[in-house]
Each structure stands twice: as C-alpha cells, then as structure tokens.
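Right, one structure below, let's go through it.
Number of protein chains: 2
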Amino acid sequence: MKLREQIEAWHDLALKALELEIQDFKEVKPNLVAFIGLGGSGIVGDFVKALCYDVLDLPVYIVKEARLPKWVKEGSLVFAISYSGDTIETLIAVEDAVRRGSVVYVITSNGELLDYAENRKLPRVKLDEGYAPRAALPLMLYSCLNILKALGLVNLDVERSLEVLKDVKDNKAVAEKLAQGLLHNSIPAIIADARFEALAWRFKSDLNENAKISAKCEIVPESMHNDIMGYEGNRKPTLAVVLNANDQHLYTKILEEFVEEHLRELKVLVEELRLKGRDMLAKLMYGSQISSLASIALAEKQGISPEATVSIAKYKERLRKLASVWIRLS
Amino acid sequence: MKLREQIEAWHDLALKALELEIQDFKEVKPNLVAFIGLGGSGIVGDFVKALCYDVLDLPVYIVKEARLPKWVKEGSLVFAISYSGDTIETLIAVEDAVRRGSVVYVITSNGELLDYAENRKLPRVKLDEGYAPRAALPLMLYSCLNILKALGLVNLDVERSLEVLKDVKDNKAVAEKLAQGLLHNSIPAIIADARFEALAWRFKSDLNENAKISAKCEIVPESMHNDIMGYEGNRKPTLAVVLNANDQHLYTKILEEFVEEHLRELKVLVEELRLKGRDMLAKLMYGSQISSLASIALAEKQGISPEATVSIAKYKERLRKLASVWIRLS
Chain A
1 MKLREQIEAW HDLALKALEL EIQDFKEVKP NLVAFIGLGG SGIVGDFVKA
51 LCYDVLDLPV YIVKEARLPK WVKEGSLVFA ISYSGDTIET LIAVEDAVRR
101 GSVVYVITSN GELLDYAENR KLPRVKLDEG YAPRAALPLM LYSCLNILKA
151 LGLVNLDVER SLEVLKDVKD NKAVAEKLAQ GLLHNSIPAI IADARFEALA
201 WRFKSDLNEN AKISAKCEIV PESMHNDIMG YEGNRKPTLA VVLNANDQHL
251 YTKILEEFVE EHLRELKVLV EELRLKGRDM LAKLMYGSQI SSLASIALAE
301 KQGISPEATV SIAKYKERLR KLASVWIRLS
Chain B
1 MKLREQIEAW HDLALKALEL EIQDFKEVKP NLVAFIGLGG SGIVGDFVKA
51 LCYDVLDLPV YIVKEARLPK WVKEGSLVFA ISYSGDTIET LIAVEDAVRR
101 GSVVYVITSN GELLDYAENR KLPRVKLDEG YAPRAALPLM LYSCLNILKA
151 LGLVNLDVER SLEVLKDVKD NKAVAEKLAQ GLLHNSIPAI IADARFEALA
201 WRFKSDLNEN AKISAKCEIV PESMHNDIMG YEGNRKPTLA VVLNANDQHL
251 YTKILEEFVE EHLRELKVLV EELRLKGRDM LAKLMYGSQI SSLASIALAE
301 KQGISPEATV SIAKYKERLR KLASVWIRLS
C-alpha cells in the first residue's frame, strides 16, 4: 500500500489497533508515566501527554533521546515505542529503564526491540508490519490508549475520535486546498496553541518527511514572548499555518483576534486549519490526517516522492557506527 | 544601564543573586517540581530542568502557559517566575497552583505577582528592578538554585560556573565573530544536542528579541528523525549555528561527525559555538552570555535597537483585554 493509501485507511487501522493483544500484561500503580521514542514513534507520547493533561494526576514525561532523566526509576511506567524496533536511541534508553526497575511496556512491529521484549517477557503489543512509521500513528497511539485503559489510568472516548476519520473524501479536499496554499516558497511557521503543541510538531515533521521542506513551530502563548519579535525585521517566515482549535478557549481567541491579524498586517500569508472533532483525541487525529495528506499532496505537486527518507537512513547508518564505538568506550 | 552592559555584568549579577534573601522560607518534601514562567523568565525552568537531569530524582515539569496539568497538585513544589511580575499567563497559573495546595515559591522583581506573594506570605525572592527580563537571567537562575539548595534538593558548584563569565573581553570577541557569521540573510537553524536544548531555545529567543530575526531550533537526536529531511529540497535554512558541548559524549560526536559534515555537503553555512566551562551550569551561562552578546551585536550591525520589544508589548496589551473578557465568561 502506498503512503497515501495507508493514511487514508486510518479509520480501520485505529480499529485494528484496538484489537491487538497486550502480551504479558502487567498490573502497575506507577507514580510517573514516561514515553521513550523518536520521530514518528515519539510523537505518540506527545499526543498521550496532551490527552492526559486534564485527566491524569501522574506526571507524563517525554524522552526523545538515549538518556533517561534520574526521575525515571523504580515505580515509573515506561512506554517504549519504536515502530521499526531498531531505533538505537530508544534501545539504549529502554535497557536503562529496565535496569532501573521501571515497568516497561513495549510497542513495536519488529527488530531488536521486539526480540528484547520477548526474551524478557516485557509487557508488549506487537504491531502489524509494512507501514511507514509516520503512517502507523493510529496503530501505535490506539495500542497505547488500550494499555492505559487496561491499567485503569485513562479511558477516553475512542469511538467518538474515529468519526472524523470516516469522511476521507472531505478530509482529502481540505488537505488538497492546504497543500495548494503551502506551495508558496518559504520556510513556513506552524502555529498552534499550547494544547495542540504536539500536533504542530507532527505537522512540521510531516512537511519534513513527506514534502522535504523545513518548517518551524511557534506555540502560543510562549511564542508571543519571543518568536513574535522575529517578524519585525525581514528575516522571517512569509507563510504561516495556524492550527485553530475551533472552540471558545482564550487561546483560540488569541490566535484569531491577535496572531492572525498581526501576521496579516505584516504581509505574512496565513493558512488556517480548523480542527474538526468533539474532543481532543478526535481533533488530534483529524489534524494528523490532514497534515499527512497535505504534505503528501505538496510533495506530489513538487514532483517528488513523499515516501523516501534518504537522509534519515544515512543518519541511522552513521549512528550505528558512532554508537558502537561509544558504547565500547563507556 | 544599557542592555549590552547589563549582559556584560552577569558575573557580579549572579553573585548578587546568591545574596538575595528568601523571604517566608518554607520547608517542603515535594514529589514533583514545576516551573511556571514565559519568555525570558520561562527559560530559567528549562535551565534548571537540564541541570537536574542527572542529579534529582523528582520529575521536573515546565509550564509555559496559563493552564496547569492535573499532575501539578498538593505535594508539588512550584516555582513561579516572572521578572516583571505582570505576565498574565503566569498569574493565572499561579492562582491555580495555590488553589490546588502546591507550595509556590515566587521569584519576581515587582508587579501583581509580588503583591500576590506578599499578601499570601508565599515564600519568595524579591529581585532587583531595572533590568530587561532577558538580561536578568542570572538574577532569576541563581535565586532559584539558592532555593533548591536551601531545600536540600540540588546543590551545584556555583563558584565554578561563574569562572566563564569573568573574561568578558574574550566572550565579546567570540560573540562579535559569531554575529559577523550570522549576518547572512536567512532564517538560521540553532542546532544543539538534547542536553543543551534549553540553550538552543535561549539562543533563538535572543535572536528574536535582540536582532529581530526568526530562527528555528533543531534538537539532536530527535531532529535527525524529521528536520533533517527538510534539507533535501530547496526550502531550508542556509545557515546553522551548532552548539558544541565540547566534550566526548556520543551526542557531540553526532554533531561533529555527522550533522556538520552533512550540512556542509548541502552547502549550508555552519557557525560553531564551542561551549566553555567545566560543568553544565558553566556551559549554559557561557552560552547564554555569548548568545545575548552576539544577538545584540547583530542588531547593531543591522542598525536596529536591541532593546525595544514592540510586538511583545502589543501582544501583552491585547491579552489583557482578551483575558479579562474570558475570565468573566468562565
């Protein structure tokens, strides 16, 4: 299945994820939840953190590197997510988490991480293979939500979130229009309010991986205390995508009644993506599908392949060499 | 004192901060440390988090907005930092933290936050007035480290960190050379490894506020899983500043032996800032002084004022109106 088709089938992929078995399930009453993962696998933790913000009274901490902070320890519940199962940074951090006595749940489709989890009988979900990691978002995210529900920590309305993924035709049309607006030649700013920070980063990464363009994220209100100053001179983005939460929150008012106005006064082109869905999970999934499809459409308009990620492969190969030397030295 | 002079005097300012009284000191055995603050005040939390990474076994959580997560609650130690004391987002979050029964330490020079803290006898440090918030970094940071030491949580080698701030002439020369390199007309990427993520954001913000240019941050290794793809096409930064930790860590090797090489192959101009100092606190302070001085020099080279922050003032005025309506509605 091509990347575009994988994304278009997200509704069914999410349903499939809900049916995957949690192997070697282990009860735990943690005092902290941590996520280890990078790139398309790492964004899952950001999404879960956003979803937990108002409903879980345990700290949710995200690790996007090989080093664990000292506060991930015995009593921590750790999710190690790597779609490929071969992400070295994740493997290093997982070994450390296990050594510290954390309860580690593994979500992966294959690779060294799967072997490691099976050998140690770590609680885990084995995902279907054959997807691009960024297209496997529903597989990883809904597996994770399933585990959190089984542990009695978070129980979200999953059914409701899937509604927004049903009308693929409509979503394709929104994405197509957005891609047209993104053709403008500039490094775009993706602007979201703090509740939807994770979605802004997903959008940026989709533009990186699929359309092969750089992008920057600006998160309201923090960006109003520094990034906004970058627009006073002439070295600035001339195109912004504003992720509008489509609600009555103060942050939405700041975006609509100040940020967008201000950018337009400065002659910055503004594209708005109004998030559909009745709750945060739905809005995150809707936004992710649009961002994926828009960046794929943008790639196609530029005549390039949205599928290949040559530079990432080059990095991974070099890291394998560098890390092996480093591990011997330390 | 002009902004440049304030920054050049950081060595003495840090010493002064260590002598400020902690009023209404309160013992606490927290299970979480949270920082509330935005912009030049908010970066203090990021720095402390980086400093705590390997030495504190309590989760350190950063809030750069008005909403607190559910996991900040009774038993949490909260630092509310606003140099001006009038940052609305911080005021909203602080009231919530107090309502939840967290122990709130206030670090401010003035404003509503000082009144609030004095009226409720919250433990606090009253800072000297008259600085730009971004120039008051040592005042805020070392006050905070002082409190953490008094609480028995973290005790860093403060003396050693001040060494790097002594040789202002050398630091000015390094900053001047960096500013010259930054004159190139592009949105620069500030690239750091995960240990120095906070410094990359400080650098970006200094460029925003002082030099009035946009910049983006790319954090290794996460950026190697997405941002790196943005360089394959022609919509990318053509200038990168690499913050080199100047040590033997795997991450430094990735930066030197892969990232810099890769960027140069792609014809991206690379400026490197090698961090001086014998520990992380020293490196953070050295890097911050260079970044401040370089961005001020860059402003001067462009013939603009590094001092004024007109757009931020415009935002704050509008927020005051929007928030007052919202608070009445909710």
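Keeping their order, the protein sequence lines are chains A and B. Residue numbering for the first sequence follows full-length UniProt numbering, beginning at 1 and increasing consecutively. Residue numbering for the second sequence follows full-length UniProt numbering, beginning at 1 and increasing consecutively. The C-beta atom is built at its ideal place from N, Cα and C for all residues, glycine as well. On a predicted model such as this, the values are computed, not experimentally measured, just so you know.
Notebook entry, point to check: Whose C-beta lies closer than 8 Å to the C-beta of R100 of chain A among residues of the same chain, with five residues either side of it excluded?
Noted result: Result list for R100 of chain A: L68, V72, K73, E74, S76, in chain order.
Next item on the list: Examine chain A for any beta-carbon lying closer than 8 Å to the beta-carbon of V55 of chain B, and answer yes or no.
Entry: The beta-carbon of V55 of chain B is placed less than 8 Å from the nearest beta-carbon of chain A.
Check: Within 10 angstroms of its Cβ, does K49 of chain B collect 16 or more other Cβ (buried), or is it exposed?
Finding: Buried: at least 16 other Cβ atoms inside 10 Å.
Next item on the list: For the alpha helix (DSSP H) holding F258 of chain A, just list the boundary residues, first then last.
Entry: Counting along the chain, F258 of chain A falls outside any alpha helix (DSSP H), and DSSP gives it neither H nor E.
Margin query: Measuring only the C-alpha atoms, how far is L15 of chain A from D57 of chain B?
Written below: Cα to Cα, the separation comes out at about 38 Å.
Next item on the list: Report yes or no: do three or more beta-carbon pairs, one from the segment 190-199 of chain B and one from the segment 210-227 of chain B, lie closer than 8 Å?
Entry: A contact is defined here as three or more CB-CB pairs under 8 Å, and the segment 190-199 of chain B meets this definition with respect to the segment 210-227 of chain B.
Check: So what does DSSP say about Q23 of chain B, is it helix, strand or coil?
Finding: Residue state, collapsed to three classes: strand.
Check: According to a CB-to-CB cut-off of less than 7 Å, which residues of the segment 81-93 of chain B neighbour chain A?
Finding: Against chain A - using a Cβ distance shorter than 7 Å - the residues of the segment 81-93 of chain B are E89.
Next item on the list: Mind listing the chain A neighbours of F258 of chain B? Cutoff is C-beta to C-beta under 9 Å, in chain order.
Entry: The answer, in chain order, is K314, Y315, R318, L319, L322.
Check: Distance, Cα to Cα, G37 of chain A vs K2 of chain B?
Finding: Pairing G37 of chain A with K2 of chain B, the inter-Cα distance amounts to about 45 Å.
Margin query: By DSSP's criteria, E163 of chain B is part of a beta bridge. Which residues make up the other side?
Written below: Beta-bridge partners of E163 of chain B (DSSP): none assigned.
Check: Mapping DSSP to helix, strand and coil, what is L329 of chain B?
Finding: Here the model assigns L329 of chain B a pLDDT of 45, short of 50, so the residue's position is not dependable and the matter cannot be decided.
Next item on the list: Identify whether S186 of chain A lies in helix, strand or coil by the three-state DSSP scheme.
Entry: Of the three classes helix, strand and coil, the one that applies to S186 of chain A here is coil, per DSSP.
Next item on the list: Decide if the segment 78-89 of chain B is in contact with the segment 176-183 of chain B; the criterion is three or more beta carbon pairs, one per stretch, under 8 Å apart.
Entry: No, they do not touch.
Check: Per DSSP, C52 of chain A is paired with what?
Finding: Beta-bridge pairing links C52 of chain A to no other residue.
Notebook entry, point to check: Should S143 of chain B and L20 of chain B be called a contact, given that it needs their Cβ atoms to be closer than 8 Å?
Noted result: Yes.
Notebook entry, point to check: Would you report the Cα separation of L329 of chain B and F258 of chain A, rounded to the nearest angstrom?
Noted result: The predicted position of L329 of chain B is uncertain, since its pLDDT is 45 and thus under 50; a value taken from the coordinates is nonetheless stated next. Those two C-alpha atoms are separated by around 19 Å.
Next item on the list: Find the nearest neighbour of N246 of chain A within the set A:A240, A:D279, A:E27, A:K204, judged by alpha-carbon distance.
Entry: With distances taken between Cα atoms, N246 of chain A lies closest to A:D279.
Margin query: Distance cutoff 8 Å, beta carbons only. Does G181 of chain A sit that close to anything in chain B?
Written below: Against chain B, the CB of G181 of chain A has no partner CB under 8 Å away; the residue lies outside that interface.
Note to self: Could you tell me the alpha carbon to alpha carbon distance between F47 of chain A and I147 of chain A, rounded to whole angstroms?
What the structure shows: In a straight line, the C-alpha of F47 of chain A is about 15 Å away from that of I147 of chain A.
Margin query: Taking CB distances under 8 Å as the criterion, tell me whether A9 of chain A reaches chain B.
Written below: Interface annotation, A9 of chain A: not in contact with chain B, CB-CB separation never under 8 Å.
Next item on the list: Go ahead and label Q6 of chain B buried or exposed: buried means 16 or more other beta carbons lie within 10 angstroms of its beta carbon, across all protein chains shown.
Entry: Taking all protein chains in view, the Cβ of Q6 of chain B is crowded by 16 or more other Cβ atoms within 10 Å, so the residue is classified as buried.
Note to self: Which of the three DSSP states is assigned to D86 of chain B in this structure?
What the structure shows: Three-state DSSP puts D86 of chain B in coil, outside helix and strand.
Item checked: Any chain B beta carbon closer than 8 Å to G277 of chain A -> No, because no Cβ of chain B sits closer than 8 Å to the Cβ of G277 of chain A.
Next item on the list: For the segment 146-164 of chain B and the segment 204-213 of chain B, state whether three or more C-beta atom pairs, one from each stretch, are separated by less than 8 Å.
Entry: Contact between the segment 146-164 of chain B and the segment 204-213 of chain B is not established, with fewer than three Cβ pairs separated by less than 8 Å.
Notebook entry, point to check: Which of helix, strand or coil does DSSP assign to D193 of chain A?
Noted result: D193 of chain A carries a strand assignment under DSSP once its states are collapsed to helix, strand and coil.
Checklist line | T309 of chain A: contacting residues in chain B (beta-carbon distance under 8 Å) | finding: Ordered by position in chain B, the residues that pass the 8 Å Cβ test against T309 of chain A are M229.
Checklist line | Sub-8 Å separation of L137 of chain A and V158 of chain A beta-carbons | finding: Not closer than 8 Å, so no.
Notebook entry, point to check: In terms of alpha-carbon separation, which member of B:R274, B:Q302, B:G303 lies closest to Q289 of chain B?
Noted result: Nearest C-alpha to Q289 of chain B: B:R274.
Note to self: Check for me: the beta strand (DSSP E) holding E218 of chain A runs from which residue to which?
What the structure shows: 216-220 is the extent of the beta strand (DSSP E) around E218 of chain A.
Next item on the list: Have a look at B:A66, B:K70, B:Q23 and flag the residue whose alpha-carbon is nearest the alpha-carbon of L32 of chain B.
Entry: Considering only alpha carbons, the answer is B:K70.
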